[in-house]
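Since the structure comes first, as structure tokens, the remarks are kept for the end.
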Amino acid sequence: MDKVQKTTIILWIKRIFGFTAISLWVFIIYSIAKSPLSFTEQASYCMLSTMMIFGLLSMGLKGLEYGERKEG
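Have a look at this one:
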């Protein structure tokens, strides 16, 4: 594979990671909002899920960027 093709593949993987993370986040927030818990109890679940999902997204993107820099 040439460098342009690898860059394009990495770019699309980043887009897929982002779309998947945001879709999962919306689904989880919607599920939490439908639960019979009070707002005070829901807030902690919302914060935890948000931090975990976007933390994993950041790690995945940083890993892709590290691999991209290492090859380049």
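So in our numbering the end of the sequence shown lands on 132, straight run, no missing numbers. Just so it is clear, CB atoms sit at the ideal spot from N, CA and C, and this is done for glycine as well.
Could you spell out the range, first to last residue, of the alpha helix (DSSP H) harbouring residue i?
i	result
leucine 116	99-131
Compare the C-alpha of residue i against each of the options and name the closest.
i	options	result
phenylalanine 87	Thr110, Glu128 and Arg75	Thr110
phenylalanine 114	Lys130, Ser83, Ser98 and Ile92	Ser83
Quick check on residue i: does DSSP put it in helix, strand or coil?
i	result
serine 95	coil
| Stretch-stretch touch, CB-based, cutoff 8 Å, three pairs: the segment 93-104 with the segment 68-82 | With the cut-off at 8 Å, the segment 93-104 and the segment 68-82 do not touch.
| message | Taking 8 Å as the cut-off, does the segment 66-76 touch the segment 114-124 (at least 3 CB pairs, one atom from each stretch)? | response | A contact exists between the segment 114-124 and the segment 66-76.
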